[in-house]
Structure formats: structure tokens, C-alpha cells
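One structure below.
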Amino acid sequence: MTSRIAGWLLPPLQGRAGVGSYHAISSIRYNTLSTRNISHTSNTSPASNDKPDSRLASPSPAGEGRGGVCGALPFFLARRIFSDDNGKRKVSRPAIRIATLGVAIGLAVMLVSVSVVLGFKHTIRDKVTGFGSHIQVADFMTLQMGEQYPVVMNDSMTSVLRNIKGVAHVQRYAVKQGIIKTDDDFLGVAFKGVGPDFDSTFLHSNMVTGGIPRFSDTASSNRLLVSRIMADKLNLHCGQKVFAYFIDHNGVRARRFTIAGIYETNLKRYDEVMCYTDLYTVVKLNGWEPDQASGAELTISDFDRLDEVSARVTRKVNRTVDHYGETYSSANVKELNPQIFSWLGLMDLNVWIILALMVAVAGVTMISGLLIIILERTNMIGVLKALGARNRTIRHTFMWFAVFIIGRGLLWGNALGLGLLALQHFTGLVKLDAQTYYVSTVPVEFNWLLIALINVVTLLLCILMLVIPSFLISHIHPAKSMRYE
4 MTSRIAGWLL PPLQGRAGVG SYHAISSIRY NTLSTRNISH TSNTSPASND
54 KPDSRLASPS PAGEGRGGVC GALPFFLARR IFSDDNGKRK VSRPAIRIAT
104 LGVAIGLAVM LVSVSVVLGF KHTIRDKVTG FGSHIQVADF MTLQMGEQYP
154 VVMNDSMTSV LRNIKGVAHV QRYAVKQGII KTDDDFLGVA FKGVGPDFDS
204 TFLHSNMVTG GIPRFSDTAS SNRLLVSRIM ADKLNLHCGQ KVFAYFIDHN
254 GVRARRFTIA GIYETNLKRY DEVMCYTDLY TVVKLNGWEP DQASGAELTI
304 SDFDRLDEVS ARVTRKVNRT VDHYGETYSS ANVKELNPQI FSWLGLMDLN
354 VWIILALMVA VAGVTMISGL LIIILERTNM IGVLKALGAR NRTIRHTFMW
404 FAVFIIGRGL LWGNALGLGL LALQHFTGLV KLDAQTYYVS TVPVEFNWLL
454 IALINVVTLL LCILMLVIPS FLISHIHPAK SMRYE
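In our numbering, the protein residues as written are 4 to 488.
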């Protein structure tokens, strides 16, 4: 066994670290022989005790030295054990494989869970903000009661909103309730009027057929953008002309529109009621002044700063009064849609539970594997102790051995997890019920910083969980362990 351990250390002799390892094992041998000779001399020649023996200044045992030897010996010894095919015994071979598999599966599940939840949250969030933006500035009664009250939203007001720090885009809007009627059926909807400042990126990404018309705030094009749910219920198609009816204190008014396009977001609560037309048309239907609108929608540059920017908007416009006597107020998307964002917030708790469970699974499999390896290497541990190696040095050797196993498990786990995520991202293999989950396929998001953080934290936690089990080495007695089979 001694010659075998030396054989593991001799091949790296060409490198600097290898030389240090060779000197370390040589010092172990020399120290052992010196101790034996000193003991023999003291028994045969008592007078020799009066003279100092130079052998008492022999090199210190392995693990007691300073510098590279102390750190290099456990590393190279662990690497030799890990890479030596003949050293893989019948018991440790499956233990190592199970430990590696546990780390790999745990990491893959963590990567998939985090990426899917992030993708789902951001997809739903983008759909909700696509319909109502991040912050709305409107009349106080409009935000509180849901009824439409006009406020002044001219160029001066939009300029004030645009200059608020964190605001990236401002667009005006107006809403009017009405009824779309065909020859066979009718449907109550909300007509949302938007102008040339309307950001149509969200609708462009969710168009089914047709196109988005050029909306105006100075003239009426009588073109209408409807959802697929509306089109299916009323049997509408692009280019079709339909009548819409509006009821107010002056009676019933009719307006004819042409279907310009059909969109689908799978967000049912909006798809069932929201259609788009010109801002000019809706303002006229409401009987408002040209400088009035239902309000303004503000898009911010960083969603993580929503509360901060929302507070700035509140300080700037809330409780101010326009020249018609209407009071401004503001609300962000979380305040307007508390149920959806509370539901999305619950997913964070689910992710933390999954992460904790997977780290626990990986840690338990590694602890089991390490204990099996230590017990199977009891004979080797006894030889190292007999040669003068400290418990700390041997413990570090097995900790390095565990790091190699964890590293291989992380490599396989990344390959498996990222492979599954890439497959879903490019093929949409796993489908969902759009009516329930608001998306037709499982969305994924690649956050590389978070993926790297998960790898690092998993490695550190697994190593920390192995510290206490590694102290089993301290209870192994050299004399008994060298006879252990």
C-alpha cells in the first residue's frame, strides 16, 4: 500500500507541484525511519542520550509543512484516487455514480425550475403591461371606480410626464364602451382609442392576421383591431365592415368600422373585451374636448424600479387639478392587477422550495457516497496515518475527491438542464392550456448570471454539508485500519 501511494505521487515529479508532493512523501518515510532508529538507539546505548542527534531535525510529517506542499499533497492524492481506474472498487464505483447522478439531476431540476418560472412570470407580466403599460395617469374617479372621466392630456402634460426620471415612453389613450353587431350576433366590448404615439410592439408580436393601422388623434380612419375571441364569436374576418353602437345621455349612436386585423394574447380577461381604434374617434364618441383623454400610459425603462418611478409620478401629478377642474391620479400595474401579480409572487416561494429540496437531495447523496468511500479506503487511511499524515491532510484529500465528484455532477447537470431548456425554447415541445395559463407553450428564460450563481452556490453548499462527515477519518485507528479488509 505504501509503494502504491508513492506511485501515485511520483509521476508528477516533472512539475513544481509534483516535486513538492515527492518531497512530502519522502519526508513521511524519512520521519518514520528516524523515529524507529532513535527508539532503537535509546534502548541499546543510554549514553547516547547526552548527545543531540541530527535526526531529530528531520522534516516534519506530511500536512505540517508550510507553503505548496501542505496544499498540493491532498489535491494530487485525491486526483490520483479519482482518476485511477484500478482503484474503483465494487462498492465505491456505484456509490460514486449515484452521488454524481444525484448532483446532476438536482442541478438540472433547479435550472429548469428557475428558467421556466422566470420565463412564465416575465411573459405574463409583459402581456399585462402590454395592455395597460407600467403606470397609468388618469382622473382619480377613473382609477377608483372604473368609469371614464376625462383629464387634460395635451403636449405640455405629456412632456411633464416624459421628463420624470425612469419614464421611457408616454402615450395617450381614451376608452368608450360599445356594442359590435353583425347580422347574426352582437358583443359588448371596450373601444380603446390610441394615437400616433402608441407603442404597437406588443400587438405586433401577437397578431394572428391582418395588420395594425396607423392610428390618428386628428382624424378618424374607422379601422378596428379586434381579438381572436371576438372574431370567433361574431365570425369576423379582415376587411369586413361592422356596425358599432354607443349609448350615452344623447341616445344611441352608430358608427361603421372596418376590421383591420385580429390579435391573440391568450390573456382572456383582455382579449374578451379590448379592441383598438383611433384616439380621435373615441374622444369624439365621448363628447370630450380635443385636449382631453382618459389618461396617459407610462412605460418605464426598468421594471425592477417600478415602485421607485411610480412614487416619483405620484409626487409629481397626484392631486393636481387641470383647467377643467379634474383631479389627476396615478396607479402602477401591480396596483391595477393585484390578483395576477400576487399569483406570480407565489411562484417565487415554489422555486425556493424546489431549490432547497434539490440541494438537500444532492447533499445527501454526496454524504452517502463520501462515507462509503471513506469506509472502503480505511486501509489506505491507516497507511497514511502510519506514515505520519495528519487527520486534516487526509480529510482535505477526501474533500478534494468529493469536489471532483461534485464538479462532474455539475457538468452533467448543466448539459442535461440547459439541453432541455434549449429544446423547449426552440421547439415549444411542452404545450399548455392557454385558457388556464395564458400561454400556449412553456416559456423559458436564459439568465446566465443566475445559472452561474446556482452552480456556485450548489458547489459550496454540497462542500459545506460534507465537512462534518469527513471527520469520520479522525476516528480511524492506524493499527486496526491497516488490517481492515
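Yeah, the Cβ is synthetic: ideal placement off N, Cα and C, and Gly gets one too.
Assign residue i to one of two classes, buried (16 or more other C-beta atoms within 10 Å of its C-beta) or exposed (fewer than that).
| i | result |
| --- | --- |
| M160 | buried |
| Y327 | exposed |
| S162 | exposed |
| I498 | With the chain covering only 4 through 488, there is no way to say anything about residue 498. |
| R380 | buried |
| D274 | buried |
| K434 | exposed |
| F123 | buried |
| L456 | exposed |
| P446 | buried |
| W346 | exposed |
| N34 | Because N34 sits at a pLDDT of 43, beneath the cut-off of 50, its placement in the model cannot be relied upon, and the point is left open. |
| F1 | Here the chain comprises residues numbered 4 to 488, so residue 1 is not present and cannot be evaluated. |
| K244 | exposed |
| D220 | buried |
| L452 | exposed |
In the DSSP assignment, the beta strand (DSSP E) including residue i goes from what residue to what residue?
| i | result |
| --- | --- |
| G420 | Here G420 belongs to no beta strand (DSSP E); instead the alpha helix (DSSP H) covers N394 to T430. |
| T280 | M277 to D281 |
| T439 | Looking at the DSSP string, T439 is not in any beta strand (DSSP E); the run it does join, the alpha helix (DSSP H), is A437 to Y440. |
| L301 | G298 to I303 |
| Q139 | I138 to D142 |
| K271 | Run containing K271: none in the beta strand (DSSP E); it sits in the alpha helix (DSSP H), K271 to D274. |
| D251 | K244 to D251 |
| V255 | G254 to Y266 |
| S333 | Y331 to N335 |
What number of angstroms, rounded off, separates the C-alpha of residue i from the C-alpha of residue j?
| i | j | result |
| --- | --- | --- |
| N335 | I167 | 15 Å |
| F449 | L114 | 9 Å |
| V106 | H428 | 24 Å |
| D53 | G385 | Since pLDDT at D53 reaches only 40, below the 50 mark, its modelled position is unreliable, and the value read off the structure follows with that caveat. Looking at the two C-alpha atoms, the distance is approximately 35 Å. |
| V140 | E150 | 14 Å |
| L237 | D188 | 6 Å |
| T103 | G410 | 9 Å |
| P153 | G298 | 7 Å |
| G133 | V276 | 15 Å |
| T284 | S304 | 30 Å |
| V131 | Y441 | 11 Å |
| R69 | A425 | Reliability fails at R69, whose pLDDT of 43 lies under 50, so the model's placement of it is uncertain and no value is given. |
| R322 | M144 | 12 Å |
| L339 | H137 | 10 Å |
| I182 | V112 | 49 Å |
| T444 | N269 | 11 Å |
| T185 | M156 | 34 Å |
| F306 | L463 | 31 Å |
| G391 | S118 | 50 Å |
| D158 | K179 | 22 Å |
| V1 | L309 | No information on residue 1 is available, as it lies outside the stretch 4 to 488 that the chain covers here. |
| I397 | H125 | 49 Å |
| S116 | V354 | 7 Å |
| L358 | F407 | 22 Å |
| V312 | G348 | 20 Å |
Beta-carbon of residue i versus every beta-carbon of chain D: anything under 8 Å?
| i | result |
| --- | --- |
| Y248 | No chain D appears in this structure, which consists of one protein chain only. |
Locate the alpha helix (DSSP H) running through residue i, then write down its first and last residues.
| i | result |
| --- | --- |
| G372 | P341 to E379 |
| L464 | W451 to S473 |
| K236 | R231 to L237 |
| T317 | L309 to V320 |
Since I believe residue j is in contact with residue i (beta carbons under 8 Å), could you give me their beta-carbon distance rounded to a whole number of angstroms?
| i | j | result |
| --- | --- | --- |
| F249 | R256 | 5 Å |
| T261 | H172 | Rounded, the Cβ-Cβ distance is 28 Å, inconsistent with contact. |
| F194 | T280 | 6 Å |
| L373 | A405 | 5 Å |
| F401 | I377 | 6 Å |
| E300 | Q174 | 5 Å |
Please give the ranges of any beta strand (DSSP E) in the stretch 151 to 228, keeping only runs that are unbroken, at least 3 residues long and fully inside the region.
170 to 184, 189 to 197 and 210 to 213
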